[in-house]
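Asker: The numbering used here applies: residue 5 is where the sequence shown begins, and numbers increase by one. Even for Gly, the Cβ is constructed at its ideal location relative to N, Cα and C. Since the structure is predicted, the reported quantities are computational estimates derived from the model, not experimental observations. Supplied in structure tokens, the structure appears directly below.
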Amino acid sequence: MSTPRAKPKYYLTTPLYYTNGLPHIGHTYSTIVADVIRRYKRMRGFDVFMTTGADEHGVNVERSAKKAGKSPQEYSTAIAAQWRQLWDELGIPGDEFIRTTDERHHRTVQWLFKRCRENGYIEKGHYTGQYCVHDNAYVVDAGPGDSCPDCGRPTETVTEENYFFKLSEFQQKLLDFYAANPDFIRPESRRNEVLSFVQGGLRNLSITRTTIRWGIPVPGEAPHVFYVWFDALIGYLSAVGGPEFDERGLWPADLHMVGKEIIRFHAVYWPAFLMAADLPLPKQIWAHGWLLFDSEKMSKSRGNVVRPRPIVSVLGIEPLRYYLLREIVFGQDGSFSYDALVSRYNSDLANGLGNLASRTLTMIDRYFGGEIPKPPGYGALGNEPGSADFASEALTRVTQLYDKFSFSLALEGIWEQVAAIDKYLTVEKPWTLADQPENRERLAKVLYTAAEGLRIVTALAHPVLPQSTEKIWRQLGQTTPLASVQMDQLSWGQLKPGTKIGKLEGIFPRVEKSETIERIESMEQEQSKAAEAAAATPAPTPAAAGPAAAPAGAAPAKIGIEDFAKIEMRVGLVKSAERVAGADKLLQLQVDIGNEVRQIVAGIASAYKPEDLVGRKVVVVVNLQPRKLRGVESNGMIVAASAGPDGSPVLAGFLEDVPVGARLK
Ligand code: MSP
5 MSTPRAKPKY
15 YLTTPLYYTN
25 GLPHIGHTYS
35 TIVADVIRRY
45 KRMRGFDVFM
55 TTGADEHGVN
65 VERSAKKAGK
75 SPQEYSTAIA
85 AQWRQLWDEL
95 GIPGDEFIRT
105 TDERHHRTVQ
115 WLFKRCRENG
125 YIEKGHYTGQ
135 YCVHDNAYVV
145 DAGPGDSCPD
155 CGRPTETVTE
165 ENYFFKLSEF
175 QQKLLDFYAA
185 NPDFIRPESR
195 RNEVLSFVQG
205 GLRNLSITRT
215 TIRWGIPVPG
225 EAPHVFYVWF
235 DALIGYLSAV
245 GGPEFDERGL
255 WPADLHMVGK
265 EIIRFHAVYW
275 PAFLMAADLP
285 LPKQIWAHGW
295 LLFDSEKMSK
305 SRGNVVRPRP
315 IVSVLGIEPL
325 RYYLLREIVF
335 GQDGSFSYDA
345 LVSRYNSDLA
355 NGLGNLASRT
365 LTMIDRYFGG
375 EIPKPPGYGA
385 LGNEPGSADF
395 ASEALTRVTQ
405 LYDKFSFSLA
415 LEGIWEQVAA
425 IDKYLTVEKP
435 WTLADQPENR
445 ERLAKVLYTA
455 AEGLRIVTAL
465 AHPVLPQSTE
475 KIWRQLGQTT
485 PLASVQMDQL
495 SWGQLKPGTK
505 IGKLEGIFPR
515 VEKSETIERI
525 ESMEQEQSKA
535 AEAAAATPAP
545 TPAAAGPAAA
555 PAGAAPAKIG
565 IEDFAKIEMR
575 VGLVKSAERV
585 AGADKLLQLQ
595 VDIGNEVRQI
605 VAGIASAYKP
615 EDLVGRKVVV
625 VVNLQPRKLR
635 GVESNGMIVA
645 ASAGPDGSPV
655 LAGFLEDVPV
665 GARLK
């Protein structure tokens with residue numbers, strides 16, 4: 005039996021991410037959103053538990069491991085460690101990191117299969133069909149040579165003896181379930197999509213494979229291993245007790261947060277597996293949209309990824325959280341742009357909340373010796389007319405929006421209050437009131453009102469900006485951790501006059517936009533190189549998590565000649581060069597590499613004028629994945645030493661004449 009809980013539980017999950025690659029900000033977005041919900045629900049009185057983790061089996065991981073010359077276990081362990089480390093670093097680790105290679109997970113998958121089988125929902129059969137290796141899914145209705153409708157890659161023809169899950173028997177049960185639980189699939193557009201898919205009829209689903217080794221064995225049925233999606237979904241249950249889930253009292257999940265491309269697996273297959281095994285179903289599946297970059301889904305294979313670390317090193321995690329939640333309407337696709345990120349930072353955080361906190365607290369420090377002033381009538385007649393209403397209206401409206409996961413509108417609502425308090429200060433001019441002793445009471449009222457308004461918006465913004473709001477909270481002299489404050493207990497007037505404010509420190513210093521973007525982009529370029537090298541040769545232990553995560557000053561790992569041989573460098577001749585609009589450091593070059601002319605974007609404009617480069621021979625790394633920098637595609641990299649004054653680039657070159665296209669070895 006489950007242990008009774010003092011508070012209602014709320015169990016939420018992120019997708020379990022594949023370990024055939026490293027996280028980009030699309031994945032980071034999912035985990036950040038889940039973390040925001042986790043923090044919000046805690047402030048609403050729930051005992052929250054969040055699972056994230058790694059989906060480690062399947063052809064993709066097996067192939068990536070082979071390419072890297074590692075065993076799948078060794079490869080996947082190193083990559084899973086990097087995911088985990090990144091979530092830790094970004095302060096979004098969840099409460100549990102489940103790996104599908106964990107023994108507890110194997111046991112749960114085998115147990116759940118057995119239950120489905122005993123209940124008559126598993127049968128043996130043959131399957132020949134087109135399979136998309138990238139998506140780990142058979143493509144229904146595709147013929148040999150057809151491409152996958154989801155990712156566009158060619159499918160492969162596969163024939164296997166498989167165990168099938170009798171999904172067809174669940175069509176009506178699922179439709180009845182959706183009808184009885186209209187909020188099970190969110191948003192509505194995804195619900196409609198799933199409904200029409202299920203209404204169209206369900207085919208039985210092959211859930212084992214004999215063509216691959218890297219999977220969980222089907223007990224007593226070698227060489228069958230479980231299909232990666234049968235395996236992975238069960239991870240949500242393995243994380244909270246598996247067969248003994250009752251003991252923890254966390255199952256069923258209250259929320260599975262996923263990207264829209266995997267809604268079908270979660271909203272159709274997963275509830276059917278659970279129904280077949282007689283287990284409780286999750287309460288809700290929420291599918292968010294995609295982060296797009298240059299109008300396309302950000303993904304490793306398209307080479308248009310943005311990594312979180314460069315942004316976080318330059319601006320910090322909180323601006324990234326704020327930007328993603330504010331700018332992207334939850335449930336819809338949204339374009340990622342550095343420009344919008346930095347603009348939001350300056351307008352809403354530096355000039356908005358940060359500035360309001362700083363001006364309010366500085367004036368309290370200066371005019372009231374660092375103590376929250378006592379407004380006339382405090383505790384008896386109420387405070388500034390309208391203030392209490394203003395706070396309770398904001399609290400109700402914003403919490404309702406958070407409850408619906410309308411994060412963008414919730415933040416808009418909070419920032420309307422920030423602007424209103426700011427305007428109030430501008431109109432009331434406390435700095436003028438301070439000059440006239442007869443206005444002392446009025447001054448106390450104005451600054452109390454601003455500080456109390458600030459306290460309330462700070463609490464409301466906490467789920468999205470946990471660290472900076474905690475700092476403002478302490479500066480307001482509050483001693484209970486903000487994370488433990490309950491939103492429904494917040495009300496106007498709780499800020500006690502006489503409270504000593506904390507040590508004042510700036511929260512969001514303003515930044516210069518183009519310089520900030522350039523710093524992020526050049527770091528991104530560095531990390532992209534490092535990530536490619538790391539993906540090819542993953543670090544053997546979690547401690548050596550790859551160049552991006554290596555502590556400064558750590559000795560670089562030695563590589564073998566076979567690793568070096570993977571980098572193809574050739575002599576190139578610069579045919580033309582021009583500046584990239586809006587980027588001080590970037591040049592767009594056309595470089596002849598012998599058999600073709602490549603467009604390359606290089607961060608060398610601080611050291612070289614475009615006209616001085618034309619006709620110059622350079623060293624080009626020609627087998628890098630294409631990338632876009634400031635919207636301009638770059639197909640390769642020019643080799644330079646960070647050797648000039650201030651680390652500026654100095655191009656590699658040759659003393660003797662060398663033919664264009666010659667390979668460097
Ligand atoms: N392993 C499966 C999930 C199994 S869950 C039991 C998988 N993994 S994944 O590594 O490909 O991660 C997919 C998830 O990452 C998406 O569902 C989404 O949450 C997130 N995103 C990946 N790219 C994204 C964007 N470009 N934009 C937003 N989210 C993205 O699928």
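Helix, strand or coil for His130, going by three-state DSSP, please let me know.
Answerer: Working through the sequence shown from its first residue, we reach residue 130 at position 126. His130: strand per DSSP, three-state reduction.
Asker: Note the first and the last residue of the continuous beta strand (DSSP E) segment covering His260.
Answerer: Sequence index remark: in the sequence shown, residue 260 carries index 256 (1-based). That run of the beta strand (DSSP E) goes 259-263.
Asker: Which residues bound the beta strand (DSSP E) around Gly576?
Answerer: Along the sequence shown, read from residue 1 onward, the residue named residue 576 stands at position 572. Its beta strand (DSSP E) spans residues 573-583.
Asker: Grouping DSSP H, G and I as helix and E and B as strand, with all else coil, what is Ala559?
Answerer: The residue given as residue 559 occupies position 555 in the sequence shown. The predicted model places Ala559 with a pLDDT of 34, which falls under 50 and marks its position as unreliable; any figure quoted below should be read in that light. In the structure shown, Ala559 sits in coil (DSSP, three-state: anything other than H, G, I, E or B).
Asker: Can you look up His292 in the DSSP assignment and give me helix, strand or coil?
Answerer: As a first step, residue 292 must be located in the sequence shown, where it is residue number 288. It is a strand residue.
Asker: Note the first and the last residue of the continuous beta strand (DSSP E) segment covering Thr17.
Answerer: Your numbering for residue 17 matches position 13 in the sequence shown. Residues 13-22.
Asker: Is it the case that the CB of Ser341 approaches a heavy atom of ligand 1 more closely than 8 Å?
Answerer: Looking up residue 341 in the sequence shown gives position 337. Result no, Cβ not under 8 Å from ligand 1.
Asker: Under a three-way DSSP split, which group does Ala645 fall into?
Answerer: Locating residue 645 in the sequence shown gives position 641, where the first residue counts as 1. Ala645: strand per DSSP, three-state reduction.
Asker: Helix, strand or coil: how does DSSP classify Met527 here?
Answerer: Numbered from its first residue, the sequence shown carries residue 527 at position 523. Residue state, collapsed to three classes: helix.
Asker: Please list the terminal residues of the continuous beta strand (DSSP E) segment that includes Arg631.
Answerer: Within the sequence shown, numbered from 1, the residue matching residue 631 stands at position 627. Counting along the chain, the beta strand (DSSP E) containing Arg631 begins and ends at 631-633.
Asker: Tell me which same chain residues have a C-beta within less than 8 Å of the C-beta of Asn599, skipping the five on either side of it?
Answerer: Position 595 of the sequence shown, counted from the start, is the residue given in the question as residue 599. The answer, listed in chain order, is Gly665.
Asker: In this structure, does DSSP put Phe411 in helix, strand or coil?
Answerer: As a working mapping, residue 411 is identified with position 407 in the sequence shown. If DSSP states are grouped into helix, strand and coil, Phe411 belongs with the helices.
Asker: Assign Gly129 to one of two classes, buried (16 or more other C-beta atoms within 10 Å of its C-beta) or exposed (fewer than that).
Answerer: In the sequence shown, counting from the first residue as 1, residue 129 sits at position 125. Exposed, since its Cβ has fewer than 16 Cβ neighbours within 10 Å.
Asker: Thinking just about the alpha-carbon of each residue, which of Gly320, Arg446, Ser339 is nearest to the one in Gly381?
Answerer: In the sequence shown, the residue the question calls residue 381 occupies position 377. When each option's Cα is compared against that of Gly381, the closest is Arg446.
Asker: Should the segment 179-186 be called in touch with the segment 126-143, which here means at least 3 C-beta pairs below 8 Å?
Answerer: Output reads no: the segment 126-143 does not touch the segment 179-186.
Asker: Helix, strand or coil for Ala554, going by three-state DSSP, please let me know.
Answerer: For the purposes of this step, residue 554 is identified with residue 550 of the sequence shown, where counting begins at 1. The predicted position of Ala554 is uncertain, since its pLDDT is 28 and thus under 50; a value taken from the coordinates is nonetheless stated next. Residue state, collapsed to three classes: coil.
Asker: According to the Cβ coordinates, are Val468 and Leu329 closer than 9 Å?
Answerer: Within the sequence shown, numbered from 1, the residue matching residue 468 stands at position 464. Within the sequence shown, numbered from 1, the residue matching residue 329 stands at position 325. Closer than 9 Å, so yes.
Asker: How about Ser34: is its Cβ closer than 8 Å to a heavy atom in ligand 1?
Answerer: Translated into the one-based positions of the sequence shown, residue 34 becomes position 30. Yes, the Cβ of Ser34 comes within 8 Å of a heavy atom of ligand 1.
Asker: Using the C-alpha atoms, what's the distance from Phe269 back to Arg121?
Answerer: Counting from 1 along the sequence shown, the entry for residue 121 is found at position 117. Counting from 1 along the sequence shown, the entry for residue 269 is found at position 265. Approximately 20 Å between the Cα atoms of the pair.
Asker: Taking one C-beta from the segment 22-38 and one from the segment 79-91 each time, how about it: are there three or more such pairs within less than 8 Å?
Answerer: Output reads yes: the segment 79-91 touches the segment 22-38.
Asker: Quick check: is any heavy atom of ligand 1 less than 8 Å from the C-beta of Trp233?
Answerer: The count along the sequence shown starts at 1 and reaches residue 233 at position 229. Checking every heavy atom of ligand 1 against the Cβ of Trp233, one is found closer than 8 Å.
Asker: For the 8 Å Cβ check, are there 3 or more pairs between the segment 299-309 and the segment 629-649?
Answerer: Enough Cβ pairs lie closer than 8 Å, so yes.
Asker: Report back the beta-carbon spacing between Gly219 and His61 to the nearest angstrom; my notes put them in contact at under 8 Å.
Answerer: Against the sequence shown, residue 219 aligns to sequence position 215. Against the sequence shown, residue 61 aligns to sequence position 57. Rounded, the Cβ-Cβ distance is 5 Å, consistent with contact.
Asker: Out of Tyr342, Glu375, Gln498, Val143, point me to the one whose CA is closest to Thr161's CA.
Answerer: Sequence index remark: in the sequence shown, residue 161 carries index 157 (1-based). When only C-alpha atoms are compared, the closest one is Val143.
Asker: Please state the DSSP three-state secondary structure of Cys136.
Answerer: If you number the sequence shown from 1, residue 136 lands on position 132. Strand.
Asker: Residue range of the beta strand (DSSP E) that Pro653 falls in?
Answerer: Sequence index remark: in the sequence shown, residue 653 carries index 649 (1-based). It spans 653-655 - the beta strand (DSSP E) in which Pro653 sits, taken as one unbroken run.
Asker: Determine the direct distance from the alpha carbon of Lys301 to that of Leu295, and round the result to whole angstroms.
Answerer: Counting from 1 along the sequence shown, the entry for residue 295 is found at position 291. Counting from 1 along the sequence shown, the entry for residue 301 is found at position 297. Near 6 Å, if we compare the C-alpha coordinates of Lys301 and Leu295.
Asker: With H, G and I counted as helix, E and B as strand and the rest as coil, what does DSSP make of Leu732?
Answerer: The shown model of the chain, from 5 to 669, leaves out residue 732, and the question about it has no answer.
Asker: Whole angstroms are fine: how far does the CA of Asn359 sit from the CA of Arg370?
Answerer: As a working mapping, residue 370 is identified with position 366 in the sequence shown. As a working mapping, residue 359 is identified with position 355 in the sequence shown. Cα to Cα, Arg370 sits roughly 16 Å from Asn359.
Asker: So Gly30 is in the beta strand (DSSP E); what residue range does that whole segment cover?
Answerer: By 1-based counting over the sequence shown, the position of residue 30 is 26. Premise fails: Gly30 lies in the alpha helix (DSSP H), 29-46, not in any beta strand (DSSP E).
Asker: What whole-angstrom Cβ distance do Leu670 and Val622 have, given they're in contact under 8 Å?
Answerer: The structure shown has nothing for residue 670, since the chain only spans 5 to 669.
Asker: Roughly how many angstroms separate the alpha carbons of Gly550 and Tyr327, rounded to a whole number?
Answerer: Residue numbering aside, residue 550 sits at position 546 when the sequence shown is read from its first letter. Residue numbering aside, residue 327 sits at position 323 when the sequence shown is read from its first letter. Below a pLDDT of 50, predicted positions are generally treated as unreliable, and Gly550, at 27, falls in that range; the measurement from the model is reported next regardless. Each residue's Cα considered, the two are about 28 Å apart.
Asker: Do Leu480 and Arg514 have their C-beta atoms within less than 9 Å of each other?
Answerer: By 1-based counting over the sequence shown, the position of residue 480 is 476. By 1-based counting over the sequence shown, the position of residue 514 is 510. Contact flag unset, no.
Asker: On the three-pair Cβ rule with 8 Å, is the segment 95-103 touching the segment 39-59?
Answerer: Yes: at least three Cβ pairs fall under 8 Å.
Asker: So, for Leu733: in the same chain, excluding its five sequence neighbours on each side, which residues have a beta-carbon less than 6 Å away from its beta-carbon?
Answerer: What the structure shows of the chain is the stretch from 5 to 669, and residue 733 is not part of that stretch, so it cannot be assessed.
Asker: Measuring alpha carbon to alpha carbon, tell me which of Met491, Leu365, Asp596, Ala424 ends up nearest Tyr452.
Answerer: For the purposes of this step, residue 452 is taken as the residue at position 448 of the sequence shown. Checked all of Met491, Leu365, Asp596, Ala424; the closest Cα to Tyr452 is Leu365.
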